[in-house]
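Visitor: I have a structure I would like to understand better, so I am pasting it below and will then ask my questions one at a time.
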Amino acid sequence: MDKKIWIDKNLLRSSAFRSLKKWSMLVYLDFLRKRQMERVKLAKRSDEWVIKNNGEIVYPYSEAEYRGIDRSKFRDAIDELIEKGFLDIAHQGSGGRSGDMSRYFIDNRWEKYGTPAFCPASNPRQKDARKGRGWSVFHANKKQNSGNKIDT
């Protein structure tokens with residue numbers, strides 16, 4: 348496995364890249380580290396490099412936490428990278444212990460970010476719209492009910 352990350356000069360100069368927050372930039376560099384590049388021979392042209400594992404790149408929350416990025420910062424970084432055209436979701440995992448992790452592909456929509464030609468993500472991350480479930484609701488109810496006790 349190659350230990351180099353190749354970054355396009357145009358990427359470094361782009362307004363989209365320069366507008367990224369710190370955690371988004373670090374997460375994006377991790378995605379670039381995870382991609383596997385492959386040389387493709389083209390007829391009558393020079394070789395071209397393509398991402399061999401595009402659409403199959405996995406970056407779970409547990410790995411982000413191991414790297415020092417808390418869950419909310421990681422989620423916000425993924426959202427920003429999708430919004431600005433650096434990533435897209437190939438498959439949205441169900442999360443939890445099921446082992447069904449989200450798979451991402453690295454996109455180049457960022458090249459047109461801030462112009463009328465920019466296209467939003469075709470498959471943005473689905474927000475968890477479940478209400479009344481989970482530990483946060485349990486603790487919110489517990490906190491709310493603890494103030495209602497009347498001593499007799």
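Residue numbers (our numbering): 348 to 499. Yeah, the Cβ is synthetic: ideal placement off N, Cα and C, and Gly gets one too.
(1) Between the alpha carbons of A437 and F378, how many angstroms are there, rounded?
(2) For I429, is the classification buried or exposed, using 16 other Cβ atoms within 10 angstroms of its Cβ as the cut-off for buried?
(3) Considering just the uninterrupted stretch of the alpha helix (DSSP H) at A390, what are its terminal residues?
(4) Suppose you measure from the CA of S469 to the CA of D454; what does that come to, to the nearest Å?
(5) To the nearest angstrom, report how far apart Y460 and N492 are at their CA atoms.
(6) Applying the criterion that 16 or more other CB atoms from any shown protein chain within 10 Å of the CB defines a buried residue, is E427 buried or exposed?
(7) Mapping DSSP to helix, strand and coil, what is M448?
(8) Counting Cβ pairs, one atom from each stretch, are 3 or more of them under 8 Å apart for the segment 407–422 and the segment 386–394?
(9) Taking the alpha helix (DSSP H) that A424 belongs to, which residues open and close that run?
(10) Report buried or exposed for K399, applying the criterion of at least 16 other Cβ atoms within 10 angstroms of its Cβ.
(11) CA-CA distance, K356 and W370?
(12) Compute the Euclidean distance between the alpha carbons of P463 and R360, then round it to the nearest angstrom.
(13) Can the beta-carbon of L404 be found closer than 8 Å to that of K420?
(14) Just to confirm the assignment, what range does the alpha helix (DSSP H) spanning A363 have?
Guide: Looking at the atomic coordinates:
(1) When the Cα atoms are used, A437 and F378 turn out to be separated by approximately 14 Å.
(2) Under the 10 Å beta carbon count, I429 is surrounded by 16 or more other beta carbons and is classified as buried.
(3) Counting along the chain, A390 falls outside any alpha helix (DSSP H), and DSSP gives it neither H nor E.
(4) Each residue's CA atom was taken as its position, placing S469 and D454 some 11 Å apart.
(5) Distance between the alpha carbons of Y460 and N492: 48 Å.
(6) By the neighbour-count rule (16 or more Cβ atoms within 10 Å), E427 is buried.
(7) It is coil, neither helix nor strand.
(8) Contact annotation: the segment 407–422 does not touch the segment 386–394, with fewer than three C-beta pairs closer than 8 Å.
(9) That run of the alpha helix (DSSP H) goes 418–430.
(10) Exposed.
(11) Per the coordinates, the alpha-carbon of K356 lies some 21 Å from the alpha-carbon of W370.
(12) P463 and R360: Cα-Cα distance of roughly 19 Å.
(13) This sequence places Ile at residue 404; Leu is not what is there. Between I404 and K420, the C-beta spacing is not below 8 Å.
(14) For A363, the enclosing alpha helix (DSSP H) starts and ends at 362–365.
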